[in-house]
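Q: Using the numbering used here, the first residue of the sequence shown is number 130, and each one after it goes up by one.
C-beta: ideal position from N, C-alpha, C; glycine also.
Small disclaimer: the values here were computed from a predicted structure and weren't measured.
Got a structure for you, written out below as structure tokens; questions coming shortly.
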Amino acid sequence: MHAHDQQDRTNSTMPDGQAAADLPTWDLADLYPAPDSPELAADLDRAEAEAAAFSHTQAGKLGGLSGRALAAAIAEYQRIEEILGRVMSYAQLLFSGDSTDPAIGRFYQSMTERVTAISSHLIFFSLELNRLDESVLEARLAEAAPPGQGLAAWRPWLRDLRVFRPHQLSDELEKLLHEKEVTGRSAWSRLFDETIAGLRVPLAGPGGVEELTVSAVLNKLSDRDRAVREAAGRAIGEVFGKNARLFALITNTLAKDKEIIDTWRHFDRPASYRNRANMVEDTVVDALVAAVSADYGRLSHRYYAMKAKWLGLEKLQHWDRNAPLPGDDDREIPWTEAKSRVLRAYGAFSPELAEIGGRFFDRPWIDAALRPGKAGGAFAHPTVPGAHPYLLLNYHGRTRDVMTLAHELGHGVHQVLAASQGYLQASTPLTLAETASVFGEMLTFRALLDAETDPARRRIMLAGKVEDMLNTVVRQIAFYQFEALLHDERRGGEVVADRIGEIWMQVQKASLGPAFEFTPDYKVFWAYVPHFIHSPFYVYAYAFGDCLVNALYSVYQSGHPGFQAKYLDMLRAGGTKRHKELLAPFGLDASEPAFWTRGLDVISGFIDELEKVA
130 MHAHDQQDRT
140 NSTMPDGQAA
150 ADLPTWDLAD
160 LYPAPDSPEL
170 AADLDRAEAE
180 AAAFSHTQAG
190 KLGGLSGRAL
200 AAAIAEYQRI
210 EEILGRVMSY
220 AQLLFSGDST
230 DPAIGRFYQS
240 MTERVTAISS
250 HLIFFSLELN
260 RLDESVLEAR
270 LAEAAPPGQG
280 LAAWRPWLRD
290 LRVFRPHQLS
300 DELEKLLHEK
310 EVTGRSAWSR
320 LFDETIAGLR
330 VPLAGPGGVE
340 ELTVSAVLNK
350 LSDRDRAVRE
360 AAGRAIGEVF
370 GKNARLFALI
380 TNTLAKDKEI
390 IDTWRHFDRP
400 ASYRNRANMV
410 EDTVVDALVA
420 AVSADYGRLS
430 HRYYAMKAKW
440 LGLEKLQHWD
450 RNAPLPGDDD
460 REIPWTEAKS
470 RVLRAYGAFS
480 PELAEIGGRF
490 FDRPWIDAAL
500 RPGKAGGAFA
510 HPTVPGAHPY
520 LLLNYHGRTR
530 DVMTLAHELG
540 HGVHQVLAAS
550 QGYLQASTPL
560 TLAETASVFG
570 EMLTFRALLD
580 AETDPARRRI
590 MLAGKVEDML
600 NTVVRQIAFY
610 QFEALLHDER
620 RGGEVVADRI
630 GEIWMQVQKA
640 SLGPAFEFTP
650 DYKVFWAYVP
660 HFIHSPFYVY
670 AYAFGDCLVN
680 ALYSVYQSGH
690 PGFQAKYLDM
700 LRAGGTKRHK
710 ELLAPFGLDA
720 SEPAFWTRGL
730 DVISGFIDEL
740 EKVA
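Dropping the structure here:
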């Protein structure tokens, strides 16, 4: 599952007029009619029988199969995996819609356990494929076969599978680790989700003290009224401070769990597994992190010094980071208007892009309504090629929410286009998965900016874009540095909550710069970031995606011939090509340091523009 969500994108308050009733909710019936439906039960029984039969027929025999027979076995494996993928997509989406309902929590857990048990029959397959000698595999790939029946059609999947070949353990150990996942990482992740969903933060308002969800209070951090922001910031600090021991225990346990597995698998460092899964070299990620952190001064430090001046403050506090700018009335944008703005921007670039995007609105594929128990942030879930993606947003009617819609719709369109590659080869590595979403966002932003004639409004829009880019590039790289320091320190023993807070403050000060004066309550804000729990070292993919899109967009702006067609081909490729192959038609190469500088120059150029009018 790729759940692409960006906490910072969704910090916005609820305007009075945006009624929840006007907002769409999804209908998951395209996956299954209900948790207790006979269709779901039948799929699980079928998958179980077929997985057991597959194991019985194929285990221990792959080395003697022809290329065609191997291709047929992979196709059968894909078919079973897709059934399990459909079941888990349904359970995950149901749980995201309401993680506080005990019946849904129970259903999610029982599906996780059942699917884990069924898929244990299939573990042998990838392990055995990886034990095939390179020369044997190449001979099978070279065998002549009718179109679509040869092994060569599966070359990209086999290439990606074999990335993990050096890190593979014995079949027995792999099976044990797989089965233990339910009571290990999955259980701790669930504890985190349910704790966050169940927390209530008391906040004084005009009508007395309200008990708000974590998502609702985080939204208050971008309120126009500084007193509201401060109260929200301090209230979050207090509630998370009271729960810091629990969050520290979850964080330490998962970091230790990762260390044990990484040691057994001989990964060079804590981030290496993620980089391999992202099909990107450690050195490319190092180059990105080095380029961004070297630029903290000309990017975030410079911008926030301007922001402090605009807000008339000597120093900014952490609750001022996402404060609206003076003069930013950020009028409420109804859902229908948000939809037409995004689709118009997509359509001006490519009618095909807009047509696919339109399907999400014409059909119940989006859940944008606001309700307790629903997951915060936003994501696009690809589900399976036999169905379609679903989008989750929490729509508050602000400009930033329109950007989030453009972002998640980009993912959705990408997932629709890539579905033709089939379940095993559709999904892109995280580093490339952000391409279509950020590009969709950039198209929407440019369309809105070009349509704006008022200079003051343009400045506000430009500043808003810079903030989003800083949240995406600078903040996510600081998150990555925090994780790297934390995991390194965990190797020396348990890291207490206070010390985790110190590491957090260290990277925040370095990345946000001298314009900020951090109050002590900010020390616990590491605790709400879901990526640290669900997907360690995931966060740099946002920065990777943003810089990549900035570079890509500058190529589009330069009038590169046939750009739209090349762009759609890139999305259709799904996970079949690596970043080098995908970027080559545009004359770009991510392994060159200049590539990252080109992406960061775009942000710096926007700040230059703002300095002229500041």
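What is the C-beta distance between L729 and D411, in whole angstroms, given that I count them as a contact (C-beta under 8 Å)?
A: That pair is no contact at about 20 Å.
Q: Where does D496 sit, in a helix, a strand or coil, going by DSSP?
A: Three-state result, D496: strand.
Q: Which same chain residues, not among the five before or five after Q610, have their C-beta less than 6 Å away from its C-beta?
A: Once the five neighbours on either side are set aside, the close Cβ partners of Q610 are V636.
Q: Going by other Cβ atoms of all chains shown within 10 Å of its Cβ, with 16 needed for buried, is P511 buried or exposed?
A: Buried, since its Cβ has 16 or more Cβ neighbours within 10 Å.
Q: Taking the continuous beta strand (DSSP E) assigned at A333, which residues delimit it?
A: V330 to G334 is the span of the beta strand (DSSP E), which, as asked, contains A333.
Q: In or out: I389 buried (at least 16 other Cβ within 10 Å) or exposed?
A: By the 10 Å Cβ count, I389 comes out exposed.
Q: Just mark Q135 as buried or exposed, buried being the case when its beta carbon has 16 or more other beta carbons within 10 Å.
A: The predicted position of Q135 is uncertain, since its pLDDT is 32 and thus under 50; no value can be drawn from it.
Q: Unbroken alpha helix (DSSP H) runs of length 4 or more, entirely within the region 259 to 322: which are they?
A: Segments of the alpha helix (DSSP H) lying fully in the region 259 to 322: 263 to 271, 284 to 290 and 300 to 309.
Q: Taking 7 Å as the threshold (C-beta atoms), are Y552 and V513 in contact?
A: A contact, by the Cβ cut-off of 7 Å.
Q: Taking the straight line between their C-alpha atoms, what separation do you get for A232 and A178?
A: One C-alpha to the other measures close to 27 Å.
Q: With a threshold of 8 Å on Cβ separation, who are the neighbours of L739 within its own chain once the five nearest residues in sequence on each side are excluded?
A: Here the set comprises Y432, M435, R588, L591, A592 and V595.
Q: Using a 10 Å radius around the Cβ and a threshold of 16 neighbouring Cβ atoms, would you call T312 buried or exposed?
A: So T312 counts as exposed.
Q: Here's the rule I'm using: 16 or more other beta-carbon atoms within 10 Å means buried, otherwise exposed. How should E612 be labelled?
A: Looking at its Cβ environment, which holds 16 or more other Cβ atoms inside 10 Å, E612 is buried.
Q: With DSSP collapsed to three states, give me the class of Y433.
A: Y433 falls in the helix class under three-state DSSP.
Q: Who are the Cβ neighbours of V684 in its own chain at under 8 Å, not counting the five residues just before and after it?
A: Cβ within range, chain order: F692, F715, G716 and L717.
Q: Hey, out of N451, V542 and Y657, whose CA is closest to W490's CA?
A: Just to set this straight, residue 490 is Phe in the shown sequence, not Trp. Of N451, V542 and Y657, the residue nearest in Cα terms is V542.
Q: Ends of the alpha helix (DSSP H) at A345?
A: That run of the alpha helix (DSSP H) goes V343 to N348.
Q: How is the alpha helix (DSSP H) around L770 delimited, first residue to last?
A: A query on residue 770 cannot be resolved here, the shown segment of the chain reaching from 130 to 743 and no further.
Q: Got a sec? Which residues, its chain only, sit under 8 Å from D227 by beta carbon, not counting five neighbours each side?
A: Around D227: I233, R500, G502 and K503.
Q: Below 8 Å, can you find three or more Cβ-Cβ pairs linking the region 318 to 336 to the region 249 to 257?
A: Not touching, per the Cβ criterion.
Q: At which residue ranges does the region 574 to 656 contain complete alpha helix (DSSP H) runs of 4 or more residues, listed in the order of the chain?
A: DSSP runs (the alpha helix (DSSP H)) wholly in the region 574 to 656: 584 to 601, 603 to 619 and 626 to 641.
Q: Just list the residues that DSSP pairs E340 with in beta bridges.
A: In DSSP, E340 forms a bridge with P331.
Q: What would DSSP say about F88, mapped onto helix, strand or coil?
A: Any answer about residue 88 is impossible in this case: the structure gives the chain only from 130 up to 743.
Q: Return the first residue and the last residue of the beta strand (DSSP E) that A509 is part of.
A: Start and end: F508 to H510.
Q: On the DSSP bridge assignment, give the partners of L711 in chain order.
A: DSSP, once it has assigned bridges, lists no residue as partnering L711.
Q: Identify every residue that forms a DSSP beta bridge with L445.
A: DSSP, once it has assigned bridges, lists F645 as partnering L445.
Q: With 16 other CB atoms within 10 Å as the buried threshold, where does H133 fall?
A: Only weak support exists for where H133 lies, its pLDDT of 33 falling under 50; the value from the coordinates is given anyway. By the 10 Å Cβ count, H133 comes out buried.
Q: Compute the beta-carbon to beta-carbon distance between I118 and A377, rounded to the nearest angstrom, for a pair I have assumed lies under 8 Å.
A: Here the chain has residues from 130 to 743 only, and residue 118 is not among them.
Q: Exposed or buried, which one is V292 when buried takes at least 16 other CB atoms within 10 Å?
A: With fewer than 16 Cβ atoms within 10 Å of its Cβ, V292 is classed as exposed.
Q: Could you check which residue in A452, Y651 and D151 has the C-alpha nearest to that of I632?
A: Among A452, Y651 and D151, the Cα nearest to that of I632 is on Y651.
Q: Where does the unbroken alpha helix (DSSP H) through F735 begin, and where does it stop?
A: Run containing F735: P722 to V742, per the alpha helix (DSSP H) assignment.
Q: Smallest Cα separation from V658: which of Q605, D300, K695 and S733?
A: Measuring from the Cα of V658, the nearest candidate turns out to be Q605.
Q: Would you list, in sequence order, the uninterrupted alpha helix (DSSP H) runs of no fewer than 4 residues that lie entirely inside the region 187 to 231?
A: The region 187 to 231 contains these whole alpha helix (DSSP H) runs: 196 to 226.
Q: Which residues in the same chain have their Cβ closer than 7 Å to the Cβ of G456, if we skip the five residues on either side of it in sequence?
A: Only A585 and I589 meet the Cβ criterion.
Q: In this structure, how does DSSP classify W155 when only helix, strand and coil are distinguished?
A: Note: W155 maps to coil in three-state DSSP.
Q: Determine the DSSP secondary structure at I389, reduced to helix, strand or coil.
A: Residue state, collapsed to three classes: helix.
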